[in-house]
Structure formats: C-alpha cells, structure tokens
Amino acid sequence: SALSPQQLQHLHDKAQSNLDIKLKKVPYRAFLTPGIAGIYDAKEDTVVERVPGDLQLPFFFSRYNDIARTGFIARVDTPDFDICRAIWYYQMDKKHTFDIYYCQARFNLLVAVLAKAMSDKSIRICAPEALRFAEAYIDAWCWHTINPDIDMFTPQEIFLDIWREGHYDLIAFTSSQLNAANRAYQKLKAQVP
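Numbering of the sequence shown is given in this note's numbering, commencing with residue 4 and proceeding in unit increments.
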C-alpha cells in the first residue's frame, strides 16, 4: 500500500535528521554537503572530491557508527583500516588530515618540510625512516591539495601505508607548543621576502 503524505514527510524528516547527524563531524570545507534530494536522486553532487571511490558516501553512511566508535580519531591500530582512512580523507581528525586548515596539520607539514630540507645538508636531523615518513606526508599533502582527481590517490595511500606500518606519527602539539610555533612562524614569515 502507498504511504500517506504524512508518512512520507515523517520518513523525509527522519532521513534529513540522520544526514545532519552523520555529516556533523565532517568539516564543511571537506566537500559541498549534499542535500537530501541529491541523495534521493543519486545525483553527481553526492560524489566527494578528494575521497577515494571505496570511501564515498555509501561507505561513509553505512559505516558511520564504526567511525563514531573511534571518537573520530585516526589510529593505526583501528581493526578495519578503511575506517581510519575515511577519518583522514573526510578530515574528521584535526591531527590526521591531508588538509592544512588545522594548525596541527600546518605545523606538521612545516616540520616535515624542514626535515626534508635539512636532509640535504651534512647534518642529519632524523632517521632515514622518519625522513621517508616526512617525505611521504609532503607528497600526500601536495597531491591532495593540487590534484583533487577522484581516481588518483596513490601518494595519500602510500603515506597511509607508511604511517600504519611504521613507528612514526604526526606530532600532537599542545596549546602552548602551537602558540610558540605560531610565534616562530610569524617571525620567519617576516624575514622571508
């Protein structure tokens, strides 16, 4: 039997509420939030750029509870690594993201660039494995930023494999460290023409 207009409206309201809940932890800049009508019609605007095909919205919606159980924090020991990958790509963890919107990510990128720059000098400031980690993070960030092609995620996936299999993680800066790093960055910025 057909649903009444009230039943359809109730289902629509419930679907909209569920969509709002599931997208609440995804930053607005990660992608243009699809409207519920776009999802009903499966329009192309529901394809999320800069997110691999296997992690698109069907995965995100179906695995949302698993993602939420992590506290929206990417951890290498997450049993299903696709959950962890989704957290990275959807930018739900301020520390583990390929986007530099967050101070944590900006300063981690800066540390990686400095480590790479210093590796060409006679003084080594980090172990070869740490340098490989830093270079892979730079490559992943560059590719994510410059090339949002939905079918090419090799640099990001290489970095995620190095992160998962290695002994290194991005730095979790404290508030005072972020403030000190920001002051140092401002001084450096003033000296560079």
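Beta carbons: idealized from backbone N, C-alpha and C, even for Gly.
Being a predicted model, the structure only gives us computed values, none of them experimental.
Does the count of Cβ pairs from the segment 84-99 and the segment 125-136 closer than 8 Å reach three? When Cβ pairs closer than 8 Å are counted between the two stretches, the segment 84-99 is seen not to touch the segment 125-136, the count staying below three.
Report the rounded CA-to-CA distance for D57 versus S65, giving the unit in angstroms. In the sequence shown, residue 57 corresponds to position 54, counting from 1. In the sequence shown, residue 65 corresponds to position 62, counting from 1. Straight-line spacing of the CA atoms in D57 and S65 works out to 12 Å.
Determine whether the beta carbon atoms of F101 and A143 lie at a separation below 8 Å. The residue you call residue 101 lines up with position 98 of the sequence shown. The residue you call residue 143 lines up with position 140 of the sequence shown. Contact: yes.
Inter-stretch contact at 8 Å, needing at least 3 Cβ pairs: the segment 103-119 / the segment 175-190: In the pairwise beta carbon analysis, the segment 103-119 is classified as touching the segment 175-190: at least three pairs are separated by under 8 Å.
To the nearest whole angstrom, what separates the beta carbons of V116 and I141, a pair I think is in contact under 8 Å? One-based indexing of the sequence shown puts residue 116 at position 113. One-based indexing of the sequence shown puts residue 141 at position 138. V116 to I141, Cβ: 6 Å. Contact.
Quick one: residues in its chain with C-beta nearer than 8 Å to the C-beta of I161, no 5 flanking neighbours on either side, listed in chain order? To locate residue 161, count along the sequence shown from 1; it is residue 158. Once the five neighbours on either side are set aside, the close Cβ partners of I161 are A139, D142 and A143.
Terminal residues of the continuous alpha helix (DSSP H) containing T73? Translated into the one-based positions of the sequence shown, residue 73 becomes position 70. Per DSSP, T73 belongs to no alpha helix (DSSP H) and is neither H nor E.
Applying the criterion that 16 or more other CB atoms from any shown protein chain within 10 Å of the CB defines a buried residue, is M155 buried or exposed? Position 152 of the sequence shown holds residue 155. By the 10 Å Cβ count, M155 comes out exposed.
Given that a residue counts as buried once 16 or more other Cβ atoms are within 10 Å of its Cβ, and exposed if not, what is N21? To locate residue 21, count along the sequence shown from 1; it is residue 18. N21 should be labelled exposed.
Return the Cβ separation of M95 and V29 in integer angstroms, given the expectation that the two are a contact with Cβ distance under 8 Å. Residue 95 sits at position 92 when you count from the first residue of the sequence shown. Residue 29 sits at position 26 when you count from the first residue of the sequence shown. Rounded, the Cβ-Cβ distance is 6 Å, consistent with contact.
V195 versus V114: straight-line alpha-carbon distance, rounded: Translated into the one-based positions of the sequence shown, residue 195 becomes position 192. Translated into the one-based positions of the sequence shown, residue 114 becomes position 111. Computed Cα separation, rounded: 17 Å.
Which residues in the same chain have their Cβ closer than 7 Å to the Cβ of R167, if we skip the five residues on either side of it in sequence? Along the sequence shown, one-based indexing puts residue 167 at 164. Taken in chain order, the residues that qualify are V79 and F84.
My output table needs one value for Q59: the three-state DSSP class, helix, strand or coil. Reading the sequence shown from its first residue, position 56 is the one you call residue 59. Reduced to three states, the DSSP call for Q59 is coil.
Best match in D69, Y92, L112 and L163 for proximity to P82 [C-alpha to C-alpha]: Residue numbering aside, residue 82 sits at position 79 when the sequence shown is read from its first letter. Among D69, Y92, L112 and L163, the Cα nearest to that of P82 is on D69.
Element boundaries [alpha helix (DSSP H), containing F101]: Translated into positions along the sequence shown, residue 101 becomes position 98. It is not in any alpha helix (DSSP H) - F101 carries neither H nor E in the DSSP assignment.
Please state whether the Cβ-Cβ distance between H99 and A77 is less than 8 Å. Within the sequence shown, the letter at position 96 stands for residue 99. Within the sequence shown, the letter at position 74 stands for residue 77. With a cutoff of 8 Å on beta-carbon distance, H99 and A77 are scored as near each other.
Could you round the C-beta distance between R53 and H147 to whole angstroms and report it? I think they count as a contact, below 8 Å. Numbered from 1 along the sequence shown, position 50 holds the residue referred to as residue 53. Numbered from 1 along the sequence shown, position 144 holds the residue referred to as residue 147. Contact between R53 and H147 is confirmed by a C-beta separation of about 6 Å, below the 8 Å threshold.
By a C-beta neighbour count over all protein chains shown, 10 Å radius and 16 as the cutoff for buried, is Y31 buried or exposed? As a first step, residue 31 must be located in the sequence shown, where it is residue number 28. Around the beta-carbon of Y31, fewer than 16 other beta-carbon atoms lie within 10 Å, marking it exposed.
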